[in-house]
Every structure is written in structure tokens, then in C-alpha cells.
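Okay, structure first, notes after.
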Amino acid sequence: MTQNAEKVIDHFELFRGGEYTEMLANKKCMFEDPVPAERLAQVSEWTKSDEYREKNFARTALTINPAKACQPLGAVFAALGFEGTLPFVHGSQGCTAYYRSHFSRHFKEPTAAVSSSMTEDAAVLGGLANMVDGLANAFSLYKPKMIAVSTTCMAEVIGDDLNAFIKASKEKGSVPMEFDVPFAHTPAFVGSHVTGYDNALKGIVEHFWNGKAGTVPKLERKADGKLNFIGGFDGYTVGNMREIKRLFDLMGVEYTILGDNSDVWDTPGDGEFRMYDGGTTLEDAANAIHASATISMQEFCTEKTLNVIEAAGQETVAFNHPVGVEATDRFLMEVARLSGRAIPDPIRKERGRLVDAIADSSAHIHGKKFAIYGDPDLTLGLTGFLLELGAEPVHVLSTNGGTAWKEKTEALLANSPFGKNCHVYPGKDLWHMRSLLFTEPVDFLIGNTYGKFLERDTKTPLIRLGFPIFDRHHHHRYPVWGYQGGLNVLVTILDKILDHMDQNTSEVAKTDYSFDIIR
Amino acid sequence: MSDNAGVEEVKARNKEMIEEVLKAYPEKSARKRAKHLGTHEEGKSDCGVKSNLKTIPGVMTIRGCAYAGSKGVVWGPIKDMVHISHGPVGCGQYSWASRRNYFVGTTGVDAFGTMQFTSDFQENDIVFGADKKLGKLIDEIEVLFPLNKGISIQSECPVGLIGDDIESVSRAKGKQYGKTIVPVRCEGFRGISQSLGHHIANDAIRDWVFDKQTGKPARFESTPYDVTIIGDYNIGGDAWSSRILLEEMGLRVIAQWSGDGTLAELESTPHAKLNLIHCYRSMNYISRHMEEKYGIPWVEYNFFGPTKIVASLRAIAEHFDDKIKEGAERVIAKYQALSDAIVAKYRPRLEGKKVMLFVGGLRPRHVIGAYEDLGMEIVGTGYEFGHNDDYQRTTQYVKDGTLIYDDVTSFEFEKFVEKVKPDLVGSGIKEKYIFQKMGVPFRQMHSWDYSGPYHGYDGFAVFARDMDMAINAPVWRMTKAPF
Chain A
68 MTQNAEKVID HFELFRGGEY TEMLANKKCM FEDPVPAERL AQVSEWTKSD
118 EYREKNFART ALTINPAKAC QPLGAVFAAL GFEGTLPFVH GSQGCTAYYR
168 SHFSRHFKEP TAAVSSSMTE DAAVLGGLAN MVDGLANAFS LYKPKMIAVS
218 TTCMAEVIGD DLNAFIKASK EKGSVPMEFD VPFAHTPAFV GSHVTGYDNA
268 LKGIVEHFWN GKAGTVPKLE RKADGKLNFI GGFDGYTVGN MREIKRLFDL
318 MGVEYTILGD NSDVWDTPGD GEFRMYDGGT TLEDAANAIH ASATISMQEF
368 CTEKTLNVIE AAGQETVAFN HPVGVEATDR FLMEVARLSG RAIPDPIRKE
418 RGRLVDAIAD SSAHIHGKKF AIYGDPDLTL GLTGFLLELG AEPVHVLSTN
468 GGTAWKEKTE ALLANSPFGK NCHVYPGKDL WHMRSLLFTE PVDFLIGNTY
518 GKFLERDTKT PLIRLGFPIF DRHHHHRYPV WGYQGGLNVL VTILDKILDH
568 MDQNTSEVAK TDYSFDIIR
Chain B
1200 MSDNAGVEEV KARNKEMIEE VLKAYPEKSA RKRAKHLGTH EEGKSDCGVK
1250 SNLKTIPGVM TIRGCAYAGS KGVVWGPIKD MVHISHGPVG CGQYSWASRR
1300 NYFVGTTGVD AFGTMQFTSD FQENDIVFGA DKKLGKLIDE IEVLFPLNKG
1350 ISIQSECPVG LIGDDIESVS RAKGKQYGKT IVPVRCEGFR GISQSLGHHI
1400 ANDAIRDWVF DKQTGKPARF ESTPYDVTII GDYNIGGDAW SSRILLEEMG
1450 LRVIAQWSGD GTLAELESTP HAKLNLIHCY RSMNYISRHM EEKYGIPWVE
1500 YNFFGPTKIV ASLRAIAEHF DDKIKEGAER VIAKYQALSD AIVAKYRPRL
1550 EGKKVMLFVG GLRPRHVIGA YEDLGMEIVG TGYEFGHNDD YQRTTQYVKD
1600 GTLIYDDVTS FEFEKFVEKV KPDLVGSGIK EKYIFQKMGV PFRQMHSWDY
1650 SGPYHGYDGF AVFARDMDMA INAPVWRMTK APF
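Going down the list, the protein sequences come from chains A and B.
Using my numbering, the first residue of the first sequence is number 68, and each one after it goes up by one.
Using my numbering, the first residue of the second sequence is number 1200, and each one after it goes up by one.
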């Protein structure tokens, strides 16, 4: 017996004991009809080959381990960025349970969202009754200031009309006539979570600016010289939003954050559960029409939203998740231009500190080969940073990246001698990445938690940057934007490189001459 | 709650609490929810609440869907088959590798349990149908994963709405490759929770796995001691720490359903002498079928905590000869010292602590004995997707006056916890952080909060350690600032 009360052992050690390993070996050979070991080894090796890679890349129907999620996840993210707002997902209820779990696993925070719980009868009759009852229940139980509606694929396939349903629900008294219920159709079979973010945010902006679905006059824009800021779907939103606010405050910029999730996903442990916390006020969301310009940190998250904002008469500027010195320079210079505010000395010093840190450390990163995957904007931002560190991106992959993303990434790479051996893979998944890592190995992989399967199989050390991160805690609290954020990313990359270096030089009397105390 | 006056007080408090939460609902919904909330009365045949009914819209239910019940629970853990999430990308993504059904195998080569295979529906698939794509996708699986033993097609919502014929595709491709290819109609809008998904998944095994085996001999020579583990998903290794006890008492476990399971084990199951059911809710259907069709008896057991383990080992042994009965006593004796030491170590730290549970279809009752072995008291419990037969079984576990909440809404759960002030809440990831922020210790009772196993004697030690760790963590003393 391996278990004992003095030092209780759990799954990490328990099943390594002799009695369990023997039991599992017996189970396998007697009852599992196992593949013969030789055949297993042969196929296992074959999956690492060029031939396998070719077959793997010939796939047209099957997706394996994709790095993307579906639209309504992004819609829930966008909705939670507004004060007192309850995301309401119209369709099957299981979807909403999944979104809530997914966010809670990443942020280690509660995530509120309700479903209209449509079942088979709604599939036949449509989900109007579910909308009517659902809005009434959500309104009276959770006392939101706003309910932002999106859809699951079920509601989209049967063609439920949100605008008509919400109107009908208001007429039936589910919520007061003047209560804000912006909506967005977010079919899961179009785009990805970043599309859903865009659609939902566009729905909210249109709601407030363009007459609340025809119930009030459209707002008339009177330019007030402020800036709007949109972060996009961002796993680091808690740290990033606070950093952006700090930078804007240092510059003296007058601004409105459109969609601020930094408080709702970072509430204190002080004895009180806050279902709602922080967020863009509804008043600010409406008044944002008067801003002189809107800045989006993630172009591919906000394409449609920015069109609406431009149509209202504002200048719009979109970045691709800027990380590092030059990307942050460009971002801040645009903020300065649009706001008429200078970049003050404290920020100039922060820049200098980041440059200093890179100078201190780049020798460990220079020339190292990287593979990166993730959302389109994030991969662009990280690729740009790697190039300025002298690292060499070799594979850049985005399951939800398209042709525009590919061209943009290739242009970025073409601008640097460190980018010349890199290939860009739009629409590919992590099983494609597995073949790439076996056939064209790199030194490090950058990606989300699912990258750990690639790390295990290909022995490429994984640097966790992206969404979701389930198996490391609290990194979402630290910014990756601004010069401070760049420093955080630099340290994250460096720590992995240096840890890996120590692991590789720790064999006594064999490699430990390089087990240096100073690096 | 030792004296009667205490129980009456608790019942009155429960009644008041329930009335209070119902006031927050619109009238129609309050009427519906009232039937799901109550207090257990000693001597009643069930817990006095309605169950397995539609969730009212807009209330933040904790429930999931039929797909979650089939792909996430029943089929997903069968490790040597490829399970396709057939539809848009999300369902498979959110359920990817998150349930901790442990298995041993070479992932991507002969095992596929922690991979996400999806047809990633696009608009064209909705408009023109996706049967052709499904056929092509199966061809691609056969090229890239030649060692797969079979394929299951886990339907997401659109499949049933666009009129696809996944059964025809499965039949044709199954024939072409000489493989088991199983279409599962577990679209998320079917039924009202995960529960119908379990049932549909059970039926798919009956129709697409068992029926193909009719007349075929077993892969092994049968013994009088061949049993199966049904309804153990091997969360954190639960099925392993159960299997070891059954084998030590002289039984031979020929199949695990479905944690660390294989297609071969599913196929062999009709050769068992006795089916042992842990999760009754999710797998009673197939057990009843095997009883009817193959005459295999089944017995429910409970491997949470020494009291229930001892009773279960003896109840299982009752179905066999003296050799097994002696084996059961030998196992009980062997582990007595360990469980005594665990109780001696942890009970003083946990005695009298009050617990509120809200879990799926089994654990709201099954874990109660383990808590009681540690001197803890269950003051409230409820099921996400239990049926009335679950609430009937629950009466054997709960005490007079226990608060019962079926398909609890997050609103109700928060209010109840605020009032009852338990020392521990056991529920899921969506609930965890809510209660921790309120300063209430919490353990996830679906995933074992990334720990485990909790089954068997080895698992009880881990369970006790974890409950102590949750309740007696120094962090809870710091919730309130001293200034």
C-alpha cells in the first residue's frame, strides 16, 4: 500500500506505485486490445515525418485542436465590459455554461451570463417565449442596468429575429420600454470569438448612438475632443486596461474606455460577491459618440465596430495588439496626435527602462527560433516584439486569421532581417503546428495553455502568452501593453529561456560546467 | 441538529429562506421554482422537490446540455476512439480536455482523449448540409490516425436542425473501413440538461456497439468473477483507486465505463457476471438493458469514504461465493489502519463543520458518507440534473431538515449560502469564485479541484486532506481587513 496518513499522496504519485502500474499493465494487455508496441512506435515515429506533414496539411474537412472559439464567447466578453450589464445568450443553455466555465478557468473569477434555455419545442416554434420569460426573469433576479443579447448557433439556424423578439418582450412587459437591451446576432458558424466580440460591441455602440433600435432619435455628434479606447478580446484585459488608464492619466488624455472588463474580472476577496463591478457606464457609452477619435488595440476584433464609429464622423485608428518598444511608440504617438497631449517624461523614462532591459538581456534571445500561434492581433503584436529582440520567428499560425492577417504578418516580417525565414499559416490548427515543430524545429513555442500538448510531444518549451491560460495563475493581472507590459513579456520569455538553459546544463559531471551562477 | 427543537428551527428557517428567494422572481417563475426548493422530511419517500424539468429561461442555471452529457461524460473518455464534435467549433473547444478523465495512452497515436476533433461548421455547412464533409472528415481521420479503434460523431445543435443524415454516413463509412462508427444525436437543445445526453449516449452504445457483437465470443476466457465498473469517469484516477479494491478482493474487472475505457472493453461488457454501477444517473440505462437482454444483474455501489466502501464491498461480495466474501473482508481489514489513521488525523480538524453541496447526478448524495466519516454535516444539497429516483435514493443519505434545491439558480444558491453560512461549499467552477469571494471555503466537486482520486481508500485520504486544506486554509482569516 502506497497511501499513508502521514503524507497523503494524490494522483501525481499514487499511480506510479508498483501495485497500480502492475494493475494498469494487466488491464491493458488483457482487456484493452492494445496496439502491438512495435506498431505503436512505428506509427508514432511516422507522425513526426515529412510524409505525415504533407498528409496533415492536405486536410480539408477535419479540424484538430484549433486555436479559436466561437462568436458568442466574444459577445459575452464584450457585454461584461459595461456597467451593470448582464450578458444574455439566446439559444441552448449548455453554451452559456461553457462560456462561464471557460472564462472562470482563465481569470479565476466568477463570470455572470444567462441563457434563454431553448429546448426542442423552441427549435420548432422559435424562441420568442424563451426571450419573453428570460428577460423578465433576468431583469427581476439580477437587477442589471443593461442586458446585452447575443445568440447561439441554435437560435441562428432556426432564424430567430432578436430585434423583433426584444420589441415583443418589452411590449409584454418583460423589461421597461426604456431599458437598454442592445443585441447582436453571433452565429458560431461564422468567424470566431473575435468576430463575436466585434458584433456585440458594434451592437452596443449602435444601440446607444443610433436611436436604440428606432425607439429614440439618433444622437447628434458634437465633438468634445475626447478619445475612445477599445481593447478587444484580450486575456490580459485586467492588467492591460489598468495600464492604459495609467498611461492616459499620465498624459492627461480625456478618454472613454469602451468595454472595460478590468474590475468585473478582478473583484476583491473581502467577504462580498460583486456580480457587477466597474465597466463603462451607459452614459459614457452614449457620450462616446462625441469623441474626436477612437483607438482600437486589436484591428481584427473591431473591424465592424470601427466602421460604425467612422460613419458617426470620428477618426479611427487600429493597432494589432502592440507589444514592445516600437509598437508602443507608435501607439503613444497616435494617442498624442489625436489628443493633442505630449508624452510626458515619466513615460519617456519607462521607455528607456524597457530599452535598457532589452539591452541587458537580448543576448539570450538573439537568434533563437520561435513558433507563435494565437489570435490574429496577438500574434502580430508578439511577432513584432520578437523581431525587435533579435529573435527569429519561424512559424506564425492563427486558426482565426485570414488573408488580411497573412498579408499583414508577411509585411511585418519582410521589414526585418530576422523575419526572412518565417512562414505564416492562416486558418491552420495546432495539429498542423505539431507537424511544423517536428519537421522544422524551433527553440521555443509561444501560445496558450493548449500548447502544453505540443510541448510534451515535440519537446519545444512553451512560453505561455495568449488565451486561455488555464494552468498558470494570475498572469492576466499583469499588462502586456505599454512599456511596462513589454517588460513583463520580456521577463516571461527570458524566464523560460533561462530555466531551460539550467535544465539543459544540470547533469553532474557531464554538462554542469555550463551550469553558470551568472547569466 | 441533535434535538428535535433544533430540527424544527432549521425547517422554519429553510421555509422562510425559500419564501424570501421566491419573492425575487416574477410570479409565474416563482410558482415554478417553488416546486424545486424544499426541506427533507424524515420518513418521506423522496426529498419533496420536483426535478428533471425544464429550466426557466434567464436565471443562470448551472446546467449544461445533452452534448455535454454525451461527449463530455459518456463517450469522451473512451480513449482509443476519435470523438468528433460535429458542428461549430465552440462546444468541442470549451469541453476540450477539461474533465480530467485520466487515461494511459499515446495521445494522437493510439489514444485521443485530450484532443479536440471538430468539423468546425461554416455557413456553407448550415446551408448545404454537412454529410459530405463528415464523410471526408472520417477519411482524413483514417489517414492521419490509422490506429484509432473507432469513431463517434457527437452532434451539436445545428446537426439536428439542418436535417443531416449522420446515421447513413456512419453506416457507409463503417462498412468501408470495417470499423465501429457511432452517430450520436446529442444535440444540445434536446432534453433539458446533460441527462438526456447520457441516455442518448447509452442508447448509441446499445445500438451501434453491442448489436454488432451479437454472437461473437469474448476476447478472453470468462471467469465466474468477471465484473465491470460502470459510471466511473476516472476523474483524477477514481476508477483506478476503485479497481484496485475489486481486484484485491478477487474479482476481475473486464471493463471500465468509461474512464480510461476502450472500445474493446465496451464490447466485452455483455460477458460480465455482474455490472457495478457507481454513477446511476448517467449509466443506469445501459445497465438495465444488459439485465434485460443478457440477464446480467447490476448493483449500485458507493466508494466515497470508509463507511460506504465497507458496505459496498460486502454488498458486492454478496453476489459471489465465499472466496469473494472472504476477499472483501480481507480488503476491509487491510485498509482499516489507513482509514483509521486518516480519520484520526483529520476528524478533529473537521468535526461539526457544515457543508452545502450542489453537483450533477450522483455526488449530491454519494459523497455525504465521506463527509460524515470526517464528522462533517451536510446541511443542504441538490442536483443539477437528477431525476426523482435520485431524490428517492437521497433520502437514505440526508438527515431530517436538510435544505434541498433542485437545478438551483445562482441567485438562490448565493442567498442560501449567505443565510446558512456553511463552512464549506462543494460545487463547480462557475460557483467556486463566487463563494470564495464571500469568504466561504470551496471545493470543486466535479473535477476534484484538479486533485483526486477521491474514490476508494486511497482516494478517501486525498478527499480528507483536501477538505481540511480548503476549510483550514489561513486565507479565510484575512477576508476582513483589520482597519
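All residues carry an ideal CB built from backbone N, CA and C; glycine is no exception.
Note that the structure is a prediction, hence the values are computed from the model and not measured.
- Around G302 of chain A, the same chain offers H173, G533, F534, P535, I536, H543 as residues with beta carbons nearer than 7 Å, after the five sequence neighbours per side are excluded.
- Judged by beta-carbon spacing, E1447 of chain B lies beyond the 9 Å limit of G1504 of chain B, meaning their Cβ atoms are not closer than that value.
- Contact check for V392 of chain A and V556 of chain A: beta-carbon distance about 11 Å, past the 8 Å limit, so the pair fails to qualify.
- Proximity of the region 1280-1295 of chain B to the region 1310-1325 of chain B meets the contact definition, three or more beta-carbon pairs being nearer than 8 Å.
- Pairing R1562 of chain B with M1482 of chain B gives a Cβ-Cβ distance that is not under 9 Å.
- With the rule of 3 Cβ pairs closer than 8 Å, the region 1267-1284 of chain B does not count as touching the region 141-149 of chain A.
- Per the DSSP secondary-structure output, V1272 of chain B pairs with nothing in a beta bridge.
- P177 of chain A belongs to the set of residues whose beta carbon lies under 9 Å from a beta carbon in chain B.
- Along the region 311-344 of chain A, the positions whose C-beta sits under 9 Å from a C-beta of chain B are T334, P335, G336, D337, G338, E339, F340, R341, M342, read in chain order.
- CA-to-CA, the gap between T1593 of chain B and H260 of chain A works out to about 41 Å.
- The residue from B:A1516, B:A1371, B:C1385 with its alpha-carbon nearest to that of V1426 of chain B is B:A1516.
- The residues T1238, G1600, in chain order, have a CB closer than 6 Å to that of K1210 of chain B in the same chain once the five nearest residues on each side in sequence are set aside.
- Nearest Cα to G193 of chain A within the set A:I225, A:T348, A:I76: A:I225.
- The region 1283-1333 of chain B contains, as complete alpha helix (DSSP H) runs of 4+ residues, the segments 1289-1293, 1322-1327 (chain order).
- Within the same chain, Cβ atoms closer than 7 Å to the Cβ of F1662 of chain B are found at A1569, Y1653, the five residues on either side in sequence being excluded.
- The residue from A:L314, A:E477, A:A222 with its alpha-carbon nearest to that of Y550 of chain A is A:L314.
- Taking a Cβ-Cβ cut-off of 9 Å, the neighbours of A1267 of chain B in chain A comprise G161, A164, Y165, given in sequence order.
- Taking 9 Å as the threshold, the shortest C-beta distance from G158 of chain A to chain B falls below it.
- Following the DSSP letters along the chain, one finds K212 of chain A in no beta strand (DSSP E), marked with neither H nor E.
- In chain order, L1556, R1642, M1644 place their CB closer than 6 Å to the CB of G1625 of chain B, counting only its own chain and leaving out the 5 sequence neighbours on each side.
- Beta-bridge partners of Y322 of chain A (DSSP): A:L294.
- Residues of the region 1427-1447 of chain B that bring their beta carbon within less than 8 Å of a beta carbon in chain A comprise G1435, G1436, W1439, S1440, R1442, I1443, E1446, in sequence order.
- Residue pairing of M1555 of chain B in beta bridges, as defined by DSSP: B:G1579, B:V1624.
- Proximity of chain A to K1335 of chain B at the Cβ level (cut-off 7 Å) is accounted for by T127, A128, in chain order.
- The C-beta of Q1591 of chain B comes no closer than 9 Å to any C-beta of chain A.
- The beta carbon of A360 of chain A sits closer than 8 Å to those of L294, N295, Q381, E382, T383, V384, L405, all from its chain and outside the five residues before and after it, given in chain order.
- Using a Cβ-Cβ distance cut-off of 8 Å, the region 209-217 of chain A and the region 149-169 of chain A are in contact, since at least three pairs of beta carbons, one from each stretch, lie closer than that value.
- Taking a beta-carbon distance threshold of 9 Å, W1456 of chain B does not count as an interface residue toward chain A.
- Non-local C-beta neighbours of I1628 of chain B in its own chain, meaning closer than 8 Å and more than five positions away in sequence, comprise Q1643, H1645, S1646, ordered along the chain.
- If the five residues before and after K175 of chain A are omitted, its C-beta is found closer than 8 Å to the C-beta atoms of H540, H541, all from its own chain and listed in chain order.
- Using a Cβ distance threshold of 9 Å, G434 of chain A and L479 of chain A do not count as a contacting pair.
- For F1388 of chain B, same chain residues with a beta-carbon under 7 Å away, outside a window of 5 residues either side, are C1356 in chain order.
- Looking only at B:L1537, B:G1559, B:G1551, B:L1475, the smallest Cα-Cα distance to F1519 of chain B is reached by B:L1475.
- Restricting attention to A:N354, A:G338, A:D337, the CA atom closest to the CA of E287 of chain A is found in A:N354.
- With the criterion set as a beta carbon lying under 9 Å from some beta carbon of chain B, the region 432-456 of chain A has no members that meet it.
- Chain-ordered, the chain A residues with CB closer than 7 Å to the CB of R1389 of chain B read E187.
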